[in-house]
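Going by our numbering, the sequence shown opens with residue 3, and the numbers climb by one from there.
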Amino acid sequence: MARRTKKVGLTGRFQSRYGLSIRKRVKNIEEVERAYHICPSCGHKKVKRISTAIWQCRKCGTKFAGGSYVPRTDMGRIVDRVLKGEMSLEESPEKTLENIEGEET
Numbered sequence: 003m004a005r006r007t008k009k010v011g012l013t014g015r016f017q018s019r020y021g022l023s024i025r026k027r028v029k030n031i032e033e034v035e036r037a038y039h040i041c042p043s044c045g046h047k048k049v050k051r052i053s054t055a056i057w058q059c060r061k062c063g064t065k066f067a068g069g070s071y072v073p074r075t076d077m078g079r080i081v082d083r084v085l086k087g088e089m090s091l092e093e094s095p096e097k098t099l100e101n102i103e104g105e106e107t
């Protein structure tokens, strides 16, 4: 029997409902969500999602909170760099309202 979900992958369960672009978005999100990720403790690629924002390494058993779909969100990476001192607050991509108002005057 031929594979019926070669192109659509995990979104084959939706069949022709909801539109193509939405199914593609869901497919990309779910592929990242279900993949193995790198553990922040031991460095092995064994981290799996247990539930919403709860991740566990299957090698060392470390449980930690992260993003809903990925263990570390993009904003979380920026915050980590700021806290470590690798990036100053002026270089951060997010500008606060006070910074924008200060530049205009």
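Yeah, the Cβ is synthetic: ideal placement off N, Cα and C, and Gly gets one too.
Remember, it's a predicted structure, so these values are computed and weren't measured experimentally.
Among the options, nearest to residue i - alpha-carbon criterion
i   : options       : result
R60 : S70, K47, Y71 : K47
K29 : C44, K9, G45  : K9
P73 : F16, T13, I56 : I56
Opposing strand residues paired with residue i [DSSP bridges]
i   : result
C59 : V49
F66 : W57
Proximity test, residue i beta-carbon vs the ligand MN heavy atom, cut-off 6 angstroms
i   : result
H39 : This structure simply doesn't include the ligand MN, nor any ligand for that matter.
Segment limits, alpha helix (DSSP H) that includes residue i
i   : result
R79 : 76–86
V34 : 22–36
Any C-beta of chain B under 7 angstroms from that of residue i
i   : result
G87 : As a matter of chain content, chain B is missing from the structure shown, which is built from one protein chain.
Short Cβ contact (7 angstroms threshold) for residue i with residue j
i   : j   : result
E35 : R51 : yes
The segment 22–37 / the segment 54–69 touching (three or more Cβ pairs under 8 angstroms): The segment 54–69 and the segment 22–37 do not touch, with fewer than three beta-carbon pairs separated by less than 8 angstroms.
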